C-alpha cells in the first residue's frame, strides 16, 4: 500500500506522504516494534508520520484504545525522541532526491473491482476465490521486484487515462517517465491504457506481459489485449522471469544468506547516489553479505540511529 501511495506522489510531484501508524498495537509494544513498523513505510516513501495516539488524560471510562499513549502516560515517552530523530535523519537522506525508477507496473485494482459484488468481501479480506487469486498475484509481482531491489511505480489506470502519454520513446505518467511497462495479474485492462501501450510499442518502447494477457477490455470480453501482448515481451508468471525481464541492470546487488530479505531504495542527489537498505527479517541480523552499489569514488555509511558518518573500504 505504501508503494501505491509513493507512486502517485512521485507522478503528481507531491512532497509529503502521510501515514497514521501504530494503531491497535497494544500497551505492551516496544520501541523496537514501532521501529519495525516505521522502517518499511519510510523505505517506501512515507515521510509524514502520524503516530497513533496521544492522550491528555486517562480519566474517564471511554479511555479504551489499543496503542500506548505517546505522551507522559507511558514510561518510555522521554526515549521516544530517539525514534523520531532516527526517522528525521532518514528524511534528510531520502527526501528531495531523484528516484532511480524506470519501470511502471499497471495496477490490477480494476480487475478486483470488476469482480466485486455484495458478499465478495468479509471485512478487509476477500471471500471470492477469483479476487483471492488476483491478490496472490499482486503480492507475487511486488515481491518478485522488491525482493530483488528493482524499483518501480504502480500505474493507476484512471491516472494513466488522465495523465498518461508517450513522449520521446518513454511512457509518461504525470511527472515521471518510464522505459518499461509490466502487465501482470490483470484480468481486464482499460482501452485507454491499451491504446497507450500500443503506441509505446510502436515507438520502440518495452512492454512485458507476464502470464496470461487480460482477456477483457473495459471489463468486456475482448482479444485486443492479447493482440497487444503478441508484440510485447511474453514471459511466464514467475519471480525469476519477472525480475529478469524488468530489471535495468543498475539495481543494488546483494548476495549471501537472506539476500532476498534485503529491500533497497536509491535516489540521486547532485553527484551522490544514496542507497537505503532494509533487512525485513525482524528476528535475524544478516551478516557477511556482499553488496554491489555500482560505480563511484568512495562509499560513506550513514548511521541514522546515531548520526555517525563512516568512510567505508570498498573495491
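In this note's numbering, the protein residues as written are 214 to 528.
All C-beta atoms in this analysis are idealised placements derived from N, C-alpha and C, irrespective of residue type, glycine included.
On a predicted model such as this, the values are computed, not experimentally measured, just so you know.
The alpha helix (DSSP H) enclosing residue i, as first and last residue numbers
i	result
residue 249	244 to 256
residue 419	Taken as a continuous stretch (DSSP letters only), residue 419 belongs to no alpha helix (DSSP H), being part of the beta strand (DSSP E) at 419 to 423.
residue 322	322 to 327
residue 407	404 to 415
residue 367	Per DSSP, residue 367 belongs to no alpha helix (DSSP H); it is in the beta strand (DSSP E), 366 to 368.
residue 216	215 to 224
residue 455	452 to 459
residue 331	Note, residue 331: premise wrong, no alpha helix (DSSP H); not H, not E.
residue 344	342 to 359
Chain-order list of residues whose beta-carbon lies under 6 angstroms from that of residue i (same chain, five-residue window excluded)
i	result
residue 365	316, 318, 358
residue 390	383
residue 461	315
residue 455	357, 423
residue 353	none
residue 466	505
residue 478	256, 489
residue 327	401, 432
residue 372	none
residue 520	none
Whole-angstrom distance between residue j and residue i, CA atom to CA atom
i	j	result
residue 420	residue 396	8 angstroms
residue 516	residue 307	13 angstroms
residue 260	residue 342	36 angstroms
residue 488	residue 251	18 angstroms
residue 320	residue 271	44 angstroms
residue 422	residue 433	20 angstroms
residue 248	residue 269	24 angstroms
residue 427	residue 440	10 angstroms
residue 445	residue 292	54 angstroms
residue 402	residue 233	32 angstroms
residue 443	residue 408	15 angstroms
residue 243	residue 496	14 angstroms
residue 239	residue 296	18 angstroms
residue 303	residue 255	8 angstroms
residue 486	residue 333	45 angstroms
residue 450	residue 413	22 angstroms
residue 294	residue 329	44 angstroms
residue 339	residue 511	49 angstroms
residue 355	residue 404	24 angstroms
residue 375	residue 274	50 angstroms
residue 406	residue 263	35 angstroms
residue 331	residue 309	43 angstroms
residue 503	residue 335	44 angstroms
residue 499	residue 491	10 angstroms
residue 299	residue 214	23 angstroms
residue 369	residue 377	10 angstroms
residue 458	residue 288	51 angstroms
One or two residues paired with residue i in a DSSP bridge
i	result
residue 389	386
residue 263	233
residue 377	386
residue 396	422
residue 312	480
residue 429	401, 434
residue 319	368
residue 338	335
Reference residue i; option with closest CA among the options
i	options	result
residue 363	480, 511, 517	480
residue 559	454, 324, 283	Residue 559 lies beyond the stretch modelled for the chain, which goes from 214 to 528, so this question has no answer here.
residue 350	327, 474, 452	452
residue 482	254, 311, 238	311
residue 437	459, 411, 448	411
residue 508	294, 478, 464	464
residue 501	323, 469, 373	469
residue 325	458, 435, 429	429
residue 393	527, 418, 491	418
residue 367	335, 327, 361, 322	322
residue 435	290, 400, 484, 457	400
Cβ-based neighbour list, residue i, same chain, cut-off 8 angstroms, excluding 5 preceding and 5 following
i	result
residue 416	379, 382
residue 236	265, 266, 279, 280
residue 513	522, 523, 524, 525
residue 388	223, 224, 225, 226
7 angstroms Cβ shell around residue i - same chain, five flanking residues per side excluded
i	result
residue 230	218, 219, 222, 258, 259, 260, 261
residue 286	268, 271
residue 494	471, 474
residue 344	325, 328, 333
Terminal residues of the beta strand (DSSP E) in which residue i lies
i	result
residue 487	485 to 492
residue 287	That residue, residue 287, is in no beta strand (DSSP E); it is neither H nor E in DSSP.
residue 522	522 to 525
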